[in-house]
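J.: All the letters of the sequence shown, read from the start, carry residue numbers 1 to 262 under the UniProt record's numbering. My structure is below; once you've seen it, I'll send some questions.
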Amino acid sequence: MDVGMGMLATASELRRLRPDADLVLATDPDGMPWGVRTPEDLTARALLVASSAAAEQPDLLIVACNTATLHALPAIQESLGPEMPVLGTLPAVQPAAAAGGAFAVWGTPTGVRSPQLDELLRRSAPDVPVARVACHGLSDAIERADPEAVAAAIAAAADRTPADVRSVVLACTHYELVTPQIQTALQRGSRTAPTLYGSAETLAVQALTRLGLQPRLAAPVTGCLTVLRSGRVESLPEAARAYPHAERLQAPRAATRPVGRQ
Numbered sequence: 001m002d003v004g005m006g007m008l009a010t011a012s013e014l015r016r017l018r019p020d021a022d023l024v025l026a027t028d029p030d031g032m033p034w035g036v037r038t039p040e041d042l043t044a045r046a047l048l049v050a051s052s053a054a055a056e057q058p059d060l061l062i063v064a065c066n067t068a069t070l071h072a073l074p075a076i077q078e079s080l081g082p083e084m085p086v087l088g089t090l091p092a093v094q095p096a097a098a099a100g101g102a103f104a105v106w107g108t109p110t111g112v113r114s115p116q117l118d119e120l121l122r123r124s125a126p127d128v129p130v131a132r133v134a135c136h137g138l139s140d141a142i143e144r145a146d147p148e149a150v151a152a153a154i155a156a157a158a159d160r161t162p163a164d165v166r167s168v169v170l171a172c173t174h175y176e177l178v179t180p181q182i183q184t185a186l187q188r189g190s191r192t193a194p195t196l197y198g199s200a201e202t203l204a205v206q207a208l209t210r211l212g213l214q215p216r217l218a219a220p221v222t223g224c225l226t227v228l229r230s231g232r233v234e235s236l237p238e239a240a241r242a243y244p245h246a247e248r249l250q251a252p253r254a255a256t257r258p259v260g261r262q
């Protein structure tokens with residue numbers, strides 16, 4: 001679950017690791033964007049999406065949204081109860097800190113100023129210089145697949161990123177859909193571009209581990225795809241086609257739940 005297409009990176013990685021897995025993508029276009037909402041409002045929207053996802057009776061619910069995890073994960077876990085395992089997404093602060101040197105955290109305005117991020121940085125990077133970069137409008141531009149708006153938002157965030165950072169934590173899952181553009185924007189002259197740390201690959205592996213499953217990369221693509229948009233069974237939005245992650249999900253041999261089936 002995520003507010004929108006940010007979960008495509010994690011879902012695509014899950015499809016790569018387990019082509020036979022049935023995937024349910026639960027989004028909230030009616031409540032978009034989440035990153036500028038108050039924590040209370042965001043939590044209310046996230047609970048609605050979690051409820052629609054849980055109605056599909058999945059084996060595991062992945063909150064593939066950093067901001068929702070930071071603000072709403074405990075409420076989601078309490079709402080769904082112990083019988084529904086829930087896996088959240090935290091910014092990859094720990095590997096960035098372990099790599100050494102100063103790093104930046106790119107996130108939504110709500111996410112980069114959250115007390116939960118404060119605590120995560122205190123635990124994982126207590127003595128490391130960290131720049132928090134609020135990427136205004138970036139997730140929304142990615143959601144619309146608007147290349148000019150994406151480029152402008154990335155350029156603005158890159159300009160506010162200190163030149164001495166060695167790593168950049170992508171603390172919004174949407175950003176992992178445009179990592180090549182971010183890498184290019186952070187390449188300053190002859191300097192080596194900072195290493196980008198996302199969460200999709202780690203999250204997919206954690207999901208399989210939580211379920212006691214092993215990767216089956218060579219398995220036939222038999223997994224079904226169900227898309228819920230604010231509780232409605234629909235198709236992936238047209239804008240998703242701008243990203244190769246969606247193409248993997250829509251592999252020719254994969255079945256898709258018919259739109260309108262209840």
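In this text, a Cβ means the ideal position worked out from N, Cα and C, and glycines have one as well. On a predicted model such as this, the values are computed, not experimentally measured, just so you know.
1. Looking at the strands, I want to know which residues DSSP matches up with residue 167.
2. For residue 232, list the residues DSSP reports as bridge partners.
3. Just tell me which of 226, 78, 144 and 61 has its CA closest to the CA of residue 243.
4. In its own chain, which residues sit with a C-beta less than 7 Å from the C-beta of residue 14, not counting the 5 before and 5 after it?
5. Decide if the stretch 83-101 is in contact with the stretch 230-242; the criterion is three or more beta carbon pairs, one per stretch, under 8 Å apart.
6. Taking the alpha-carbon of residue 56 as reference, which of 76, 137, 120 and 84 has the nearest alpha-carbon?
7. Apart from the five residues on each side of it in sequence, which residues of its chain come closer than 6 Å, Cβ to Cβ, to residue 5?
8. Expressed to the nearest angstrom, what Euclidean distance is found between the alpha-carbon atoms of residue 137 and residue 153?
9. If you draw a straight line from the C-alpha of residue 100 to the C-alpha of residue 235, how long is it?
10. For a quick check, are the C-beta atoms of residue 185 and residue 149 less than 8 Å apart?
11. Indicate whether the contact test is met: 3 or more Cβ pairs, each with one atom in the stretch 169-186 and one in the stretch 64-75, closer than 8 Å.
12. For residue 38, which beta-bridge partners are listed by DSSP?
13. Any idea which residues DSSP pairs residue 27 with across the strands?
14. Residue 215 and residue 18 look like a contact to me (Cβ under 8 Å); what is the Cβ gap, rounded to whole Å?
15. What residue range is occupied by the uninterrupted alpha helix (DSSP H) comprising residue 132?
16. So, with DSSP's three-state summary, where would you put residue 221?
17. How would you write the range of the alpha helix (DSSP H) that residue 118 sits in, first residue to last?
18. In or out: residue 188 buried (at least 16 other Cβ within 10 Å) or exposed?
19. Compute the distance between the beta-carbons of residue 134 and residue 181, then report whether it is under 8 Å.
20. Within 10 Å of its beta-carbon, does residue 37 have 16 or more other beta-carbons around it, so buried, or fewer, so exposed?
T.: The short version:
1. Start at 1 with the first residue of the sequence shown, and residue 167 comes out as number 167. BP columns for residue 167 point to 103 and 195.
2. Mapped onto the sequence shown, residue 232 falls at position 232. Answer is 229, bridged to residue 232.
3. Here the question's residue 243 lines up with position 243 in the sequence shown. Taking only the C-alpha atoms, the option nearest residue 243 is 144.
4. Within the sequence shown, numbered from 1, the residue matching residue 14 stands at position 14. Closer than 7 Å at the Cβ level, and outside the excluded window around residue 14, lie 21, 23, 204 and 207.
5. The stretch 83-101 makes no contact with the stretch 230-242: fewer than 3 CB pairs, one atom from each, lie closer than 8 Å.
6. In the sequence shown, residue 56 corresponds to position 56, counting from 1. Closest option to residue 56, Cα to Cα, is 84.
7. Position 5 of the sequence shown holds residue 5. Cβ-Cβ distances below 6 Å link residue 5 to 143 and 240 in the same chain, with the five nearest sequence neighbours on each side left out; the list follows chain order.
8. The residue given as residue 137 occupies position 137 in the sequence shown. The residue given as residue 153 occupies position 153 in the sequence shown. One C-alpha to the other measures close to 6 Å.
9. Here residue 100 refers to the residue found at position 100 when the sequence shown is read from its first residue. Here residue 235 refers to the residue found at position 235 when the sequence shown is read from its first residue. Just so you know, the alpha carbons of residue 100 and residue 235 end up roughly 43 Å apart.
10. Working through the sequence shown from its first residue, we reach residue 185 at position 185. Working through the sequence shown from its first residue, we reach residue 149 at position 149. No, the pair does not count as a contact, with Cβ atoms beyond the cut-off.
11. The stretch 169-186 makes contact with the stretch 64-75, as at least three CB pairs between them are under 8 Å.
12. As a first step, residue 38 must be located in the sequence shown, where it is residue number 38. In DSSP, residue 38 forms no bridge with anything.
13. As a working mapping, residue 27 is identified with position 27 in the sequence shown. Answer is 229.
14. Position 215 of the sequence shown, counting from 1, holds the residue named residue 215. Position 18 of the sequence shown, counting from 1, holds the residue named residue 18. Correct: roughly 7 Å between the Cβ atoms.
15. In the sequence shown, counting from the first residue as 1, residue 132 sits at position 132. Counting along the chain, residue 132 falls outside any alpha helix (DSSP H), though it belongs to the beta strand (DSSP E) covering 130-134.
16. For the purposes of this step, residue 221 is identified with residue 221 of the sequence shown, where counting begins at 1. Residue 221 falls in the coil class under three-state DSSP.
17. Taking the sequence shown and counting its residues from 1, one reaches residue 118 at position 118. 115-124 is the extent of the alpha helix (DSSP H) around residue 118.
18. What you label residue 188 is simply residue 188 of the sequence shown in a count that begins at 1. Sixteen is the threshold: since fewer than 16 other Cβ atoms of the shown chains lie within 10 Å of the Cβ of residue 188, the residue is exposed.
19. Translated into positions along the sequence shown, residue 134 becomes position 134. Translated into positions along the sequence shown, residue 181 becomes position 181. Here residue 134 is not near residue 181, since their CB atoms are 8 Å or more apart.
20. Counted from its first residue, the sequence shown places residue 37 at position 37. By the neighbour-count definition (other C-beta atoms within 10 Å, threshold 16), residue 37 is a buried residue.
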